[in-house]
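Structure, as structure tokens:
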Amino acid sequence: MRATLFSSAASMLFCACAIADTATDTMTIQATLVATCVVNTGNFRDAPSPALLNFGTITAGRPTRADTNAAAAGSGAASVICSTGVPWTLTADGGNHLNGTQRQMSDGVMMLPYSLYRDGGYAFPIGINDPANPVAAGTGTSVVQLTPMYGIVTADTPIPSVGNYSDSVTLTINY
Numbered sequence: 113m114r115a116t117l118f119s120s121a122a123s124m125l126f127c128a129c130a131i132a133d134t135a136t137d138t139m140t141i142q143a144t145l146v147a148t149c150v151v152n153t154g155n156f157r158d159a160p161s162p163a164l165l166n167f168g169t170i171t172a173g174r175p176t177r178a179d180t181n182a183a184a185a186g187s188g189a190a191s192v193i194c195s196t197g198v199p200w201t202l203t204a205d206g207g208n209h210l211n212g213t214q215r216q217m218s219d220g221v222m223m224l225p226y227s228l229y230r231d232g233g234y235a236f237p238i239g240i241n242d243p244a245n246p247v248a249a250g251t252g253t254s255v256v257q258l259t260p261m262y263g264i265v266t267a268d269t270p271i272p273s274v275g276n277y278s279d280s281v282t283l284t285i286n287y
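Residue numbers (the working numbering): 113 to 287.
Encoded structure:
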């Protein structure tokens with residue numbers, strides 16, 4: 113009987129050690145989101161192609177229009193992506209060859225004046241670093257927002273020497 117009692121006590125002791133126990137607690141997970149905006153004129157996430165406003169071939173005495181939504185090769189609008197709810201304004205500088213308030217393309221010697229607009233009806237000009245006359249303005253959605261631009265070389269523009277003309281306009285996003 114004594115052996116049985118000892119064996120039962122040992123079994124109970126052994127079984128008590130084999131029972132698992134648990135403990136729980138919580139962990140805090142956090143992040144700080146800051147207002148951010150990015151303007152991009154290259155291939156960028158959902159943007160279809162790099163931004164390019166291509167006037168193509170210009171003929172004297174005829175207005176020549178261009179826009180960043182055109183089917184011209186490589187044509188595309190600038191892309192803006194901002195944090196959800198963040199108000200933004202996209203402005204444009206005067207380009208590399210600004211003359212007073214007139215943007216100009218250059219072939220390295222001669223200048224060809226042009227104007228930029230934010231609408232296809234050419235009613236709303238894009239100012240030079242002017243938040244009152246921006247390329248575009250909006251509120252961030254955390255997805256790419258395309259900002260089309262429109263340009264014109266008017267019919268009364270004196271056409272300079274034959275050549276390839278270009279300019280580079282810097283876009284700045286304020287948020």
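Heads up, the beta-carbon is just placed ideally off N, CA and C, and yes, glycines get one too.
{"query": "Bridge-paired residues (DSSP) for ASP179", "result": "TYR262"}
{"query": "Three CB pairs or more closer than 8 Å across the segment 231-244 and the segment 191-199", "result": "no"}
{"query": "Local conformation of LEU210 per DSSP, three classes", "result": "coil"}
{"query": "GLN257 burial status per 10 Å Cβ neighbour count (16 or more: buried)", "result": "buried"}
{"query": "Identity of the residue in ASN152, LEU165, THR153, ALA249 nearest SER278 by Cα", "result": "LEU165"}
{"query": "Closest by C-alpha distance to GLY206, when choosing among VAL221, PRO225, PRO199", "result": "PRO225"}
{"query": "Best match in LEU228, GLY252, SER280 for proximity to MET261 [C-alpha to C-alpha]", "result": "LEU228"}
{"query": "With 16 other Cβ atoms within 10 Å as the buried cut-off, status of ALA248", "result": "buried"}
{"query": "Given LEU145 as reference, the closest of MET139, SER195, ASN181 once Cα atoms are compared", "result": "SER195"}
{"query": "Candidates VAL150, GLY275, GLN216, of which the one nearest THR251 by Cα", "result": "VAL150"}
{"query": "Anticipated Cβ contact below 8 Å, PRO243 with THR203, distance rounded", "result": "6 Å"}
{"query": "Identified DSSP bridge partners for GLY228", "result": "In the sequence as displayed, the identity of residue 228 is Leu instead of Gly. Note: LEU228 sits in a beta bridge opposite GLY263."}
{"query": "Nearest to GLY173 (by Cα), restricted to the options VAL265, VAL255, PRO199", "result": "VAL265"}
{"query": "Pick from GLY263, THR284, SER273 that is closest to ARG215, judged by C-alpha positions", "result": "GLY263"}
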